[in-house]
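Below: the structure, in structure tokens.
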Amino acid sequence: MLDGQMRRLIDPPLNRVGRWLAARGVTADGVTLAGLALGLLAAGCLALGLSGFVALVPLLASRIADGLDGAVARATQKTDFGGYLDIVCDFLFYGAVPLAFALRDPANAPAASFLLTSFYVNGTSFLGYAVLAEKRGMTTSNRGEKSLYFTAGLLEGSETIAFFVLLCVWPAGFVPLAWGFGALCFVTALARVLLARREFAR
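For the record, in the sequence shown the residue sitting at position 75 is 75 according to the numbering used here, with numbers rising by one throughout.
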């Protein structure tokens, strides 16, 4: 829901840093993998029961890297593989956080499982829509320059990052937060399915 507005704010500084990194030989795929490593480090901190504030630093750094990889690609050369690698790493990171809380405390497992299921369904609705949009030659730049077609939704990347930050700040609230966010993910997926039915049923 907020991604379109956020991109207008963050893209200009990200593009400047991306050009600076590209001029020094940094690759977009390298930034993507560095972002994944930082995200998994944050998840590991959470799984080990460390303070959420310890996990917050690598988590935020990983999301900055997730924005920078596209900026570096725009400053050099965008590739289909780069976009593919980016989305795979994003989904691995998204799944690692609920898993971390399940490992942190087995009592979190039901809520973590529900959250993971909602991510799975929401991700499928997003990627399936992108495939059909590509097949029909649809394009959009409302979420910035992307390798895939990004549909609007109630919950997008900005809201997910804010949710993960909240989990780091208040790890004891994981169970109610996970049930609530997971329910909103299902609402987002349902809305996207209805949109797909309207766009692609003909």
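The beta carbon of each residue, even a glycine, is placed where N, CA and C say it ideally should be.
This one's a predicted model, so the numbers in the text were calculated from it and none came from an experiment.
Inter-residue spacing [alpha-carbon to alpha-carbon] between residue i and residue j
{"i": "GLY123", "j": "THR76", "result": "29 Å"}
{"i": "ALA191", "j": "TYR120", "result": "15 Å"}
{"i": "LEU167", "j": "ARG74", "result": "32 Å"}
{"i": "PHE81", "j": "VAL88", "result": "10 Å"}
{"i": "ARG202", "j": "GLU156", "result": "27 Å"}
{"i": "ASP11", "j": "VAL57", "result": "21 Å"}
{"i": "LEU41", "j": "GLY52", "result": "12 Å"}
{"i": "ARG136", "j": "VAL54", "result": "45 Å"}
Coil, strand or helix - residue i by DSSP
{"i": "SER113", "result": "helix"}
{"i": "ASP105", "result": "coil"}
{"i": "SER158", "result": "helix"}
{"i": "ALA172", "result": "helix"}
{"i": "SER125", "result": "helix"}
{"i": "GLY67", "result": "helix"}
{"i": "ARG202", "result": "coil"}
{"i": "LEU177", "result": "helix"}
{"i": "LYS78", "result": "coil"}
{"i": "ARG24", "result": "coil"}
{"i": "GLY182", "result": "helix"}
{"i": "LEU48", "result": "coil"}
{"i": "THR139", "result": "coil"}
Residue i versus the options, residue with shortest Cα-Cα distance
{"i": "ILE64", "options": "LEU116, ALA111 and VAL31", "result": "VAL31"}
{"i": "GLY128", "options": "ALA22, LEU195, GLY18 and THR79", "result": "LEU195"}
{"i": "GLY180", "options": "SER118, GLY137, ARG202 and PRO58", "result": "SER118"}
{"i": "VAL193", "options": "GLY25, PHE126 and LEU155", "result": "PHE126"}
{"i": "LEU50", "options": "ALA112, PHE163, MET138 and ALA100", "result": "ALA100"}
{"i": "GLY39", "options": "TYR84, ALA189, ILE161 and ALA112", "result": "ILE161"}
Cβ distance (whole Å) where residue i is taken to contact residue j below 8 Å
{"i": "ALA230", "j": "LEU115", "result": "The question about residue 230 has no answer here: the residues shown for the chain are numbered 1 through 202."}
{"i": "ALA43", "j": "VAL97", "result": "5 Å"}
{"i": "ALA28", "j": "ASP69", "result": "5 Å"}
Within the chosen definition, does the stretch 170-184 reach the stretch 98-107 through at least 3 CB pairs nearer than 8 Å? Cβ pair count under 8 Å is three or more, so yes.
Do three or more CB pairs link the stretch 33-47 to the stretch 87-97 at distances below 8 Å? yes
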